[in-house]
Structures are given as structure tokens and as C-alpha cells.
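The block underneath contains the structure these notes are about, expressed in C-alpha cells.
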Amino acid sequence: MNPHATPVLALSLALGTTITISSNHWVLAWTGLEINTLAIIPLISKSHHPRAVEAATKYFLTQAAASALVLFSSMTNAWATGQWDITQLNHPTSCLLLTAAIAIKLGLVPFHFWFPEVLQGSPLMTALLLSTLMKFPPLTLLLMTSKSLNPALLTTMALASVALGGWMGLNQTQTRKILAFSSISHLGWIAIILVYSPKLALLTFYLYTIMTSAVFMALNKIKALNLSMVLTSWTKTPVLNATLMLMLLSLAGLPPLTGFMPKWLIIQELTKQEMTPAAMAIAMLSLLSLFFYLRLAYHSTITLPPNSSNYMKQWYTSKPPSTPTAILASLSILLLPLSPMIHAIV
């Protein structure tokens, strides 16, 4: 890829995201989503490997279908109510179409099939963008229209996403697919609370972004694309592997790590909304995800590889992890003590 192309694509991603999250008009929001889609496709397919080209094609087709649904939903609403304002989504059919369109863009069940395959065909840093930044504009549209959405439909999709994200991740050996199903599971937690507390949904997304970015950057540093590569990396970067274990446990939502905070606040809010059965169901289903996080953590730190490695233990490496990785790792592990202050804001 041309060295000048990457800054242009990064600028396009920033522009598309900014247009969508700051617009009040449906056509402007749709334009931002399209700019994002067209900017990320070259990043997915830049290796020119057949799997990468296949991933880019799948991504383009699903995003094009979702964008067409967003446009159709907004036009139906404008036809019925005369309003192009995003917050004035009042027509029932438009609400249903928009929920389906955003679910496709986010990868919520039952529209999740494209997401693990696209992530598996992408480089690790592009997979990081697909799992975090590319989900922010569609989520913003859901937050802006949250008062018009159907709570029962979102709760059903959320529980199905947490269940399927945990279930499908159990037998995976590829780290990108594991993190793809992890993303689907976390989106279920965001979707279930979206209607009742949009601020809490946004907080959950921010914390998910911090934790997932830290894990992707650590895996990119040790070049681990599957579990066997994680297994043999401890001799080269023992400190980073130990930190990776804590970050994975944080993603799983175990106290006293950062990831426990959003799950605790969501279960508390669901109980206040008299949705105790849903809170119990989502808490039990998250145990499925906990299993594969524990397995990944076990492989990264606790298990010795079956074959001897040529590397000696190095507690000092010539290329230490970058400053952003260190900052994100610290945030993904140590934010739980700030819960009272964050809870007061939310």
C-alpha cells in the first residue's frame, strides 16, 4: 500500500465518525457511515491475501445492506412524519428497520455471522479498529433514538448475543475469532441497558474499547494469531504476558479489575428497572465467556509449551511495549476504585 494512503484513510475514518456522531439529519449520518465503510475496506484487504480480500468483500456487502436499511428507515419515517431529525424517529416500521440495520452494523445476534469471518481475515490492528472505532457511529445512532426503540426486542437480541458470543467462543483457537465473539458478547451487555440508561451504555462501550484495545495491542506486540503462538511467547515477553492475563480477566468482568464495573452497574440498573430475571440470565450467560477468557489467560501465562523453546527468559527486552499499550493496560486493570465517582456521573 502507498505510504500516503494510510494517513488519508485514517483521516477519512476520523471524518466519517465525526460527521455521524455530530449530525442531526439522517442523510448526514448515513454519509458518515458510508465514508467509514469505504475508508476501512483498503485497510482490511491491504495484504492482498485471498482471505483478506474475502473479508473485505463480506464487510462491504453487509455494510452496504445495513446502510440501505438505514436510508430506507429514515425515508419511511420522513414520509410518515415529515421529519428528517434523528431524534424524531416515531414511525413503528422505521424503528424496527433501524434496529435491524444497526444490529447488522454492530454484529448483534442474529446478524453476527459476518463479524468473526471479517476479523479473522484482517490484520490485528485493523481488527482493533473494526471492534472499537467502527462500532461507535452506529452505537451513537442507537443512543440518539433510544427512546423510540422496542425494549423487548433489544433485550432479546442482547441475551442472544451474550449467549452466542460465549457459546461460539468456547472451541476457538484463533485469537482474532475469540475477540470477535468477545465483542459480540459485550455488545449484548450494551444493548440490554441502552433503553434504560444510555449513559451507562456509553460508559460500558468506553471501558470495552479500552480493554479490547489493550488486548489487541498486546497480541500485536507478541504477534500471536492463535493459542499456540500465545503459548510460546512467555519466554520472550514475560511481563507483557502476565499483564495480558490480567487484561483478559478484566474483559471477563472479574473483580477487582476494571471490567467488573460496567457489569456490576448494568446488573444493578436492571434490578432497579424490575428486570431481575434478565439480570440473572445475562449474569449466568457471561460464565460462558469467562471460560474462554480463562483458557486464553491460562495459555498466555500458566501453561508451559509441550516443546522446548530456544529462547531464554528475558525480563528485559530490547523493544518494550509502547506507551499507549502501557497506558491502556493500566486503565484496563486499575479503574475499579473510581466506580463511586463514575456511578455518581452516570
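Counted the way mature numbering (1 follows the signal peptide of the UniProt record, and there is no 0) counts, the sequence shown spans residues -29 to -1, 1 to 317. Glycine residues also receive a C-beta, built at the ideal position from the N, C-alpha and C atoms.
Residue i to residue j span [Cα, whole Å]
i           : j      : result
I316        : V24    : 44 angstroms
N61         : I298   : 43 angstroms
L141        : S260   : 8 angstroms
A134        : L256   : 5 angstroms
Q145        : P87    : 10 angstroms
L267        : G224   : 14 angstroms
P108        : L95    : 21 angstroms
residue 383 : L69    : No information on residue 383 is available, as it lies outside the stretch -29 to 317 that the chain covers here.
T183        : L150   : 8 angstroms
L178        : T229   : 8 angstroms
Y167        : L101   : 26 angstroms
A36         : W(-4)  : 16 angstroms
W1          : M216   : 39 angstroms
L(-2)       : T58    : 14 angstroms
S38         : K243   : 35 angstroms
S(-7)       : M312   : 30 angstroms
A213        : A300   : 11 angstroms
Q34         : L4     : 9 angstroms
T47         : A71    : 14 angstroms
H314        : V186   : 25 angstroms
V(-22)      : E245   : 49 angstroms
S45         : T294   : 43 angstroms
K234        : H(-26) : 42 angstroms
With 16 other Cβ atoms within 10 Å as the buried cut-off, status of residue i
i      : result
M105   : buried
S204   : buried
V80    : buried
M251   : exposed
F84    : exposed
K192   : buried
L32    : exposed
G53    : exposed
L236   : buried
I273   : exposed
N(-28) : exposed
Y287   : Here Y287 scores only 48 on pLDDT, less than 50, and its place in the model should not be relied on; the value that follows carries that caveat. Label assigned to Y287: exposed.
S289   : With a pLDDT of 49 at S289, under the threshold of 50, the predicted position of this residue should be treated as unreliable, though the coordinate-derived value follows. Looking at its Cβ environment, which holds fewer than 16 other Cβ atoms inside 10 Å, S289 is exposed.
V89    : buried
R22    : exposed
L40    : buried
L(-19) : exposed
T296   : buried
T(-24) : exposed
Cutoff 6 angstroms; reference residue i; Cβ partners in own chain excluding five residues on either side
i    : result
M232 : L307, S310
Q285 : Low confidence applies here, because Q285 scores a pLDDT of 46, under 50, leaving its location unreliable and the question unanswered by this model.
T97  : L14, I15
L77  : K106, P109, L158
S201 : The identity of residue 201 in the sequence shown is Val, whereas the question assumes Ser. These residues qualify, in order along the chain: A195, H270, S271.
S154 : S102
W138 : L259
F152 : G136, M139, G140
Candidates the options: closest to residue i by CA position
i      : options                : result
T116   : I73, L178, P295, P226  : I73
I238   : W1, W160, T(-24)       : W160
F263   : H314, G136, T103       : G136
A123   : I163, E245, N(-28)     : I163
L125   : M182, A189, L95, L67   : L67
W55    : P63, L42, L77          : L42
I253   : Q59, A131, R147        : A131
A51    : P63, T58, L40          : P63
L305   : V89, M218, T58         : M218
T(-10) : T(-24), T8, Q143       : T8
V210   : P292, S44, P248        : P292
S221   : S45, T175, E245        : T175
T208   : F152, A189, P226, M246 : A189
L(-15) : S44, A10, M139, N48    : A10
S199   : S44, L(-17), Q143      : Q143
T(-13) : S303, A(-25), I6       : I6
K148   : G92, I181, A185, T180  : G92
S65    : E245, L120, V(-22)     : L120
F82    : Y30, T111, L112        : Y30
S303   : P226, E245, L265       : P226
I181   : L99, L265, S44         : L99
Same chain only: Cβ atoms within 7 angstroms of residue i, ignoring 5 sequence neighbours per side
i    : result
A27  : I12, I15, S16
M128 : A74, L79, V80, A162
Cutoff 8 angstroms; reference residue i; Cβ partners in own chain excluding five residues on either side
i    : result
I114 : Before going further, note that residue 114 is Leu rather than Ile in the sequence given. If we look at L114 and ignore the five residues flanking it on each side, its Cβ neighbours are L165, P169, A172, L173.
L241 : I163, I164, Y167, T247, A249, A250, I253
Legend entry - alpha helix (DSSP H) runs contained entirely in the segment 179 to 211, provided each spans 4 or more residues: Within the segment 179 to 211, the complete alpha helix (DSSP H) runs of at least 4 residues are 198 to 202.
Inset, instruction - At 4 residues or longer, and completely inside the segment 64 to 104: list those alpha helix (DSSP H) runs for me, N to C. - result: Qualifying alpha helix (DSSP H) stretches, in chain order: 85 to 92, 95 to 102.
Inset, instruction - Starting from the N-terminal side, write out each stretch of the beta strand (DSSP E) that is 3 residues or longer and does not extend beyond the segment 241 to 268. - result: Here no run is fully enclosed.
Inset, instruction - May I have a chain-ordered list of the beta strand (DSSP E) segments no shorter than 3 residues that lie completely inside the segment 109 to 173? - result: The beta strand (DSSP E) runs of length 3 or more contained entirely in the segment 109 to 173 do not exist; there are none.
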